[in-house]
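Counting from 1 along the sequence shown, just add 538 to a position and that's the residue number in my numbering.
Positions of the beta carbon are idealized from the N, C-alpha and C atoms, including for glycine.
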Amino acid sequence: MSDQPAPLPPAPLAETPRLSWPTTLVRDSYLAGERADALASGTPLDSLEQAAGDFDAYVRERRGVRTRWGVPSTVFWYVAGRDYLGTLVVRHQLTPELAQVGGHIGYHVVPPWRRQGHATRMLAAGLNECRALGLGQVLVTCDADNEPSRRVILANGGVPDGRAGHEDRFWIDLGSTTSTRQPR
Ligand SMILES: CC(C)(COP(=O)(O)OP(=O)(O)OC[C@H]1O[C@@H](n2cnc3c(N)ncnc32)[C@H](O)[C@@H]1OP(=O)(O)O)[C@@H](O)C(=O)NCCC(=O)NCCS
Numbered sequence: 539m540s541d542q543p544a545p546l547p548p549a550p551l552a553e554t555p556r557l558s559w560p561t562t563l564v565r566d567s568y569l570a571g572e573r574a575d576a577l578a579s580g581t582p583l584d585s586l587e588q589a590a591g592d593f594d595a596y597v598r599e600r601r602g603v604r605t606r607w608g609v610p611s612t613v614f615w616y617v618a619g620r621d622y623l624g625t626l627v628v629r630h631q632l633t634p635e636l637a638q639v640g641g642h643i644g645y646h647v648v649p650p651w652r653r654q655g656h657a658t659r660m661l662a663a664g665l666n667e668c669r670a671l672g673l674g675q676v677l678v679t680c681d682a683d684n685e686p687s688r689r690v691i692l693a694n695g696g697v698p699d700g701r702a703g704h705e706d707r708f709w710i711d712l713g714s715t716t717s718t719r720q721p722r
């Protein structure tokens, strides 16, 4: 058994989290949260070291609609005041590859903020962004072993549509409701 004390829970949030374009306001919590995420997942820390070196440029490169995965894509950060909780990416279109695995939306919540319902609410906010883009149905996929993500998708109305490779596929019908997208 480890002698390490359990990590302290983060302080209560000052305000309700919302999707925002990447912002320098959350520099410290972004770097700390993403570092914890990289350590937990075994991802190299190189890009975070670059980010820490010139965070203004790092943020500038991530704002607005950019072509990634071969399609127009928008990166959002889920923030509350100066607290960064996670990232959500909206891909505005699907390529044949994304139509199998990847889908319209990808997301993660950084470790200090997990298991508090943030991913479930963040995906709901991401679906509003998809409505604002005029999408009627959204494809979300997750690793077949990723039970937390499966629950996030199901809680947002995901309807299973088989498996591609090791990823389970879900469609979310956005219906005809209009967007309640928040200003940024
Ligand atoms: C998957 C992930 C986004 C979930 O974030 P989160 O903020 O903890 O999710 P929520 O708090 O909204 O929890 C959603 C559900 O999963 C459950 N859950 C969350 N973490 C869990 C865990 N480690 N073990 C079991 N259940 C878990 C919650 O209890 C909740 O269940 P409920 O709806 O039945 O109450 C987060 O763990 C993460 O970023 N993981 C790494 C990246 C990733 O997997 N991204 C998704 C790619 S498709």
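Item: Measure the C-alpha to C-alpha separation of Val639 and Arg598 and round it to an integer number of angstroms.; Value: 28 Å
Item: Quick one: Cα of Gly705 to Cα of Tyr596, how far?; Value: Inspection of the sequence shows that residue 705 is occupied by Glu rather than by Gly. So the two alpha carbons sit approximately 30 Å from each other.
Item: Would you grab the beta carbon distance between Leu569 and Arg620 for me? Rounded to a whole angstrom, and I think it's under 8 Å.; Value: Not really, about 12 Å apart at Cβ, beyond 8 Å.
Item: Can you say whether Gly674 is buried or exposed, counting buried as having 16 or more other CB atoms within 10 angstroms of its CB?; Value: exposed
Item: Figure out for me which residue from Gly696, Tyr616, Phe708, Val676 has the closest Cα to the Cα of Leu551.; Value: Tyr616
Item: Does ligand 1 have even one heavy atom less than 7 Å from the beta-carbon of His656?; Value: yes
Item: I'd like to confirm something about Tyr645: is its beta-carbon nearer than 7 Å to some heavy atom of ligand 1, or not?; Value: yes
Item: Measure how close the beta-carbons of Gly664 and Leu626 come, nearest whole angstrom, since I'm counting them as under 8 Å.; Value: 5 Å
Item: For Arg629, verify whether its CB is less than 7 Å away from any heavy atom of ligand 1.; Value: no
Item: Is the CB-CB distance between Gly641 and Val697 below 8 Å?; Value: no
Item: Less than 7 Å separating the Cβ of Pro548 from some heavy atom of ligand 1?; Value: no
Item: Could you please give the first and the last residue of the uninterrupted beta strand (DSSP E) stretch that includes Pro610?; Value: 609-618
Item: Out of curiosity, what's the CA-to-CA distance linking Ala578 and Ala657?; Value: 17 Å
Item: To the nearest angstrom, report how far apart Asp584 and Asp575 are at their CA atoms.; Value: 13 Å
Item: Taking Leu712 and Cys668 to be in contact with their CB atoms under 8 Å, please state how far apart those CB atoms are, rounded to whole angstroms.; Value: 6 Å
Item: Which ranges would you report for the beta strand (DSSP E) in the region 675-710 if only whole runs of at least 3 residues count?; Value: 675-681, 697-702
Item: Alpha carbons only, please: which of Pro650, Gly644, Trp651, Val648 is nearest the one belonging to Ala662?; Value: Gly644
Item: Among residues of its own chain, excluding the 5 on either side of Ser558, which ones have a beta-carbon nearer than 7 Å to its beta-carbon?; Value: Phe614, Trp615, Val617, Arg722
Item: Counting C-beta neighbours from all protein chains within 10 Å, is the total for Thr605 16 or more, i.e. buried, or is it exposed?; Value: exposed
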